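Below is one structure, written out as C-alpha cells, with a few remarks after it.
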Amino acid sequence: MRAGLTGLLAAAATAAVAVEEVPQEGLPVAAVRWRTVWHGVDKPVDTVGGTRIALTDLSFTHHSLSLVPCPAPKGAWDRLAGLVVGTAWADHAPWDDPSRVTPHAAWTAHEQPLTVGEVEGLTDRYCKVHWMAAPAGRGDPIPPDRSARTLRASGTWTDPQGHLHPFETETAWTQADTHDLNLHAARPQCVTVTVHRHLPAAVQHVDPRGEPLEIAWALLDGVRRATTVQVEMVEAGEAPCFGGSPVGSAPSPPR
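In terms of numbering that gives the first Met the number 0, the sequence shown opens at residue 0 and continues consecutively.
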C-alpha cells in the first residue's frame with residue numbers, strides 16, 4: 000500500500016513537471032492616465048412609451064477609477080492536483096490598488112475628454128478596469144448642493160400627447176462595474192484609459208412617468224450599461240510616462 004502511494008505521488012510529480020506553465024496574463028503597466036468623456040449630451044432621447052427626455056444638467060460623482068490585477072499564475076502542480084479552485088484574483092480589492100485615482104468630483108457631463116488623474120510607478124500586470132460612483136465624502140472638492148449625490152439630472156420630458164413636463168432625479172446609491180482589458184504585452188506599458196459614457200443609451204430605458212426611486216435607479220443603471228472603456232498604450236521607457244505629472248492629480252470641474 001505504501002509503495003503504491005509512493006509510486007502514485009512520484010507519477011503525479013513527474014506529470015506536473017511535464018505540464019507547461021501558464022503564460023502570464025494581462026498587461027504590464029508602468030503608468031496610467033485616466034480620462035472621462037460623455038457622448039450625446041444635450042440631445043433629446045426617445046424613451047419608454049412614446050415619451051422623450053431632454054436633459055439640461057447632469058452631474059456624476061466618480062468615487063474611484065482603478066485597474067484590477069490579474070489572477071496570480073497557477074503552477075503545474077496546482078492545476079494537476081486541483082489545489083487551486085476557481086479564479087484566484089489578487090488579494091486586495093480593486094479600490095485598494097496603487098493604480099487607483101479618487102477624483103471625487105461631480106462633473107457636469109462633458110463631450111471633450113477630461114483627464115481626472117495620473118499614476119506613475121506601477122509594477123503589476125492588469126486584466127480589468129474597475130470604476131465606482133458614489134457620494135463624495137467630507138472635504139472633497141464638490142459643490143455643496145451636489146456632494147451628497149452620486150447622480151443628479153434635470154431637464155424636461157414630453158408625454159405622448161406632446162405636453163412638456165419638468166424632469167428631475169437624483170440618487171445617493173452606489174454603482175460600480177468592471178471591464179475586461181483583453182490586452183497583452185511583454186514589456187511595461189504607458190496606458191491611457193478613457194471611460195466613455197453614452198448618454199442617449201443611458202436614458203432610453205427611463206420612464207419619466209414612473210416613481211421617483213424607479214426613475215433614479217433606471218438612469219443610474221442606464222449609465223452603467225452605457226459605459227465603455229477605451230485603452231491606448233505605448234511601451235514605457237526610462238523617463239516618466241506622462242512627464243512626471245503629479246500622482247493621482249485631478250483638475251477642477253469644467254465650467
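All C-beta atoms, glycine included, are put in the ideal place defined by N, C-alpha and C. If you're wondering where the values come from, they're calculated on a predicted model, not measured in any experiment.
Asked	Found
Reference residue 152; option with closest CA among 205, 182, 126	205
Beta-carbon gap between residue 228 and residue 115 smaller than 8 Å	no
Where the beta strand (DSSP E) containing residue 121 begins and where it ends	No beta strand (DSSP E) contains residue 121, which DSSP labels as neither H nor E.
Limits of the beta strand (DSSP E) - the one that residue 152 falls within	150-157
Pair within 8 Å by beta-carbon distance, residue 100 and residue 64	yes
C-alpha gap between residue 112 and residue 226, whole angstroms	14 Å
Endpoints, the alpha helix (DSSP H) within which residue 219 is located	211-224
Classification of residue 210 by the beta-carbon crowding that lies within 10 angstroms, buried from 16 upward	exposed
Presumed contact (8 Å Cβ cut-off) between residue 202 and residue 31, rounded CB distance	So it is not a contact: roughly 30 Å between Cβ atoms.
Nearest neighbour of residue 174, chosen from 222, 48, 181, 232 [CA to CA]	222
Beta strand (DSSP E) segment containing residue 201, residue limits	From DSSP, residue 201 is part of no beta strand (DSSP E) but of the alpha helix (DSSP H) over 198-202.
Inter-residue Cα distance where the pair is residue 48 and residue 156	12 Å
Rounded separation between residue 338 and residue 214 - CA only	Since the first and last residues shown for the chain are 0 and 254, residue 338 lies out of range.
Reduced DSSP category for residue 82 - H, G, I as helix; E, B as strand; rest coil	With a pLDDT of only 38 at residue 82, under 50, the local geometry of the prediction cannot be trusted, and the value read off the model is given with reservation. Residue state, collapsed to three classes: coil.
Beta strand (DSSP E) segment containing residue 255, residue limits	Only positions 0 to 254 of the chain appear in the structure, and residue 255 is not among them; the question remains open.
Neighbourhood of residue 164 by C-beta, 6 Å cutoff - its chain only, sequence neighbours within 5 removed	156
Rounded distance between the beta-carbons of residue 60 and residue 134, thought under 8 Å	6 Å
Three-state secondary structure assigned by DSSP to residue 44	strand
Cβ distance (whole Å) where residue 51 is taken to contact residue 44 below 8 Å	7 Å
For residue 63, the residue or residues it bridges with in DSSP	131
Alpha-carbon to alpha-carbon, residue 161 and residue 108	27 Å
Top-ranked residue by Cα proximity to residue 195, from 234, 42, 25, 34	34
Distance CB(residue 255)-CB(residue 219) smaller than 8 Å	For the chain, the structure presents residues 0 to 254; residue 255 sits outside this window and is missing.
Residue 180 and residue 26 closer than 8 Å at C-beta	yes
Exposed unless 16 or more other CB atoms sit within 10 angstroms - verdict on residue 170	buried
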